[in-house]
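Using full-length UniProt numbering, you'd call the opening residue of the sequence shown number 1 and step up by one each time. We put the beta carbon where it would ideally sit given N, CA and C, even for glycine. This report refers to the structure that appears directly beneath it.
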Amino acid sequence: MADPIIQHSNLNTTFKGIRHATSTSENEIWQFRGIKYANIPARFRQSTLNSSFPPVYDATAFGPKCPQTIFPLRMEDCLIGLPPTITTVSHAPDIFDEFNCLNLNITTPAEAKSGDDLPVLVYVHGGGGFSGSNSDWWCDGGAIVKRSVEIGKPVVMVAINYRLGVFGYMGSSELGEANGKDNTANFAPRDIVLLPSLFTSPSPPLVLLHLVSNIANKPKHRALTWLSQHITPFGGSPHQITVYGESHGSNAIAAQLHSSSSFPIPFHRAIMQSQILGAPLFATPLPLSTASSLYNSTKEALNISTAKEIEEVDWRELIKAFQKSDPRNGFGHVPIIDDVFFLENWKEGIKSMGGQRGKLLLGCTGNEASVVKMVVSGAPKSDPRPPTSSLVASLSSVLGEPKAGEIVGEYGINEGMEGEVVADRLLEIVEDLCWYRDQERFSTFAKEQGINVKEYTFNQLQPFTGPFHAVPSHSLDLAYLHGDSGIFDGCESPETERTMQREVQDAWIGFANGGKELGNEGVLVFGPEGDVREVGKETFLGKLRRGGKWGVWEGIEHLVLEGIVGVIMVHLVGLLGQGVAPEEKGE
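Spelled out as structure tokens, the structure:
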């Protein structure tokens, strides 16, 4: 077998990669890590294309991560659990570099080459927009590429990094005034826009705005020709690009679909897992005025006053000040309505994909509220726990007493219940408002826009250890998509789990190959016991969701829904918080 080397004439370099650990003698997989796709000229500036590579590029190690807060246990480790073959030290080292973190990993069948025209899967990781990287094990492309070869439908998989937290989601009118309107906001979403341009650049680095102007004024096939110049040496096809992401990664994809028409979409299919942009409180884009207030509060926390100073402050201090100042700290980051990338009327349409209406695979897990439970459990413990009467009073202040009573009645909440039972019912409300109901609304809207939509639900039960054992938790599908089959060794029914893994991988691979295998009608149900079936939409909403309850939300304005979710989150913190207050820690 040849060495994992790609001669890339257009970039004037030779990429030297690795044989992936999942390889066998019959099915070898190559991986090229840490390929820098963009430069960051300065903090709070849009990234520019990187087309400058040394004659030989060492792609054997993961690239740096965007600076971020490191938690004692990563979110996905808690939600997925720790498979027997994975430990908390299995993660790639936390090497941070604010200006050199825009890199990608490309996983290919061994000896894939120009002319193979393989479908390309581009993965955008989750983590709320404030954590994670493409080097996490649940983002790895080895297993899904290996499976694609086994079933005779080989794909190329690309996993990307983008800027996080304050570096990717800070925005303000002052930044625009100081550095040009193009640098007002949305640095992370536009990193992702820029990514495909690595494969489309026909020349040395270009400022993104110039690139977008060029693409917008060229026929779409010209952009795809540029694409072929840079992905084809890895065996990929510019005509079969599927972008997929989970949680915040799904929101990032939605941001591309809803962004300004000045930013053409270079992908042809999308898979959105476990989040929809616009969910009340959780994923509502921010007005620039709100972002500017956070920017000013962050400067005050740092005791500075100018754009120049905030660009020069130590990144560790900047992260602390931003998190301390952010009233949404703990919620995922969202796009900012800057009138450049993201417009006020973003909800009015979905752009075409690669010049076509495109295809969309859309779904959630069977217990998305697990991530909410995880977050609020870390809040300081409340003693005594708040009574249900205080919840009803707070909801009544937002909605009025009759409507508040109707909602708590619909979800079966009463004052005689134990606090844990009330918490479970409140988690159902958050799940409905911020995941399931929004998925249904977005699916309907996308179909009205002419997009071919296929829905799914992932109901397989978590087979590992941890607080969400036997729960179809948020992020669990990533273990089945990207984990090595060996992670299920030691589970109660390892072969059942591996069967489910193959089913999920085959569905994603089939979608990347055109999606014909998924059909058009019905909803795919994965699990809970390793089985896969298709059910009608009415059955799905009635038996696998709480669609019969959703009428209680009709007619309530979005801003009021945000107030409801806010009230419920405060009550959940009181009911479920198990942490220690900062003052008790001595902070």
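In this structure, F322 keeps its C-beta atom at 8 Å or more from the C-beta atom of M75. Remark: C-beta atoms of L281 and E562 approach each other more closely than 8 Å.
For K320, the uninterrupted alpha helix (DSSP H) run begins and ends at 315-325, by DSSP. In this structure, DSSP gives C139 a helical state, which the three-state scheme calls helix.
Taking 8 Å as the upper bound for CB-CB distance, T13 and F53 are in contact here, some 4 Å apart.
Rounded to the nearest whole angstrom, the C-alpha separation of P386 and V124 is 39 Å. Here DSSP, grouped into helix, strand and coil, assigns F15 to strand.
Looking at the DSSP output, Y57 sits in a beta bridge with F15. Judged by DSSP secondary structure, S237 falls outside any alpha helix (DSSP H) and instead within the beta strand (DSSP E) spanning 236-246. Secondary structure note for N414: it is in no alpha helix (DSSP H), with a DSSP letter that is neither H nor E.
DSSP, reduced to helix, strand and coil, places T388 within a helical segment of the structure shown.
Residue range 476-482 is occupied by the alpha helix (DSSP H) that includes L478. Ranked by Cα distance from E418, the first of E309, S250, L576 is L576. The beta carbon of V156 sits closer than 6 Å to those of T108, L118, V120, F234, G235, G236, all from its chain and outside the five residues before and after it, given in chain order.
Inter-residue distance for T496 and K153 is about 23 Å (C-alpha atoms, whole angstroms). The Cβ atoms of D477 and T365 sit closer than 8 Å to each other. H333 is positioned such that its CB atom lies closer than 8 Å to that of F130. A contact is defined here as three or more CB-CB pairs under 8 Å, and the stretch 524-533 fails this definition with respect to the stretch 378-397. Around the beta carbon of I151, a 10 Å sphere encloses fewer than 16 other beta carbons of the protein chains shown; the residue is thus reported as exposed. Exclusion of the five residues before and after C78 leaves M374, G466, P467, F468 as the residues of its chain whose Cβ lies within less than 8 Å of its Cβ.
Here the alpha carbons of E309 and A446 stand approximately 44 Å from one another. Under a 10 Å Cβ-count criterion, E246 is classified as buried, with 16 or more other Cβ atoms of the shown protein chains found around its own Cβ. Taking C-alpha positions only, R498 is separated from A291 by approximately 45 Å. At a Cβ-Cβ threshold of 8 Å, L544 and T444 do not count as neighbours. For the pair G486 and T85, the CB atoms are nearer than the 8 Å cut-off. The secondary-structure analysis by DSSP pairs H8 across a beta bridge with T13. Sequence-distant Cβ neighbours of E317 in its own chain, meaning closer than 7 Å and more than five residues away, are L302. The beta carbon of A270 is closer than 6 Å to those of V243, I253, L360 in its chain, skipping five residues each way along the sequence.
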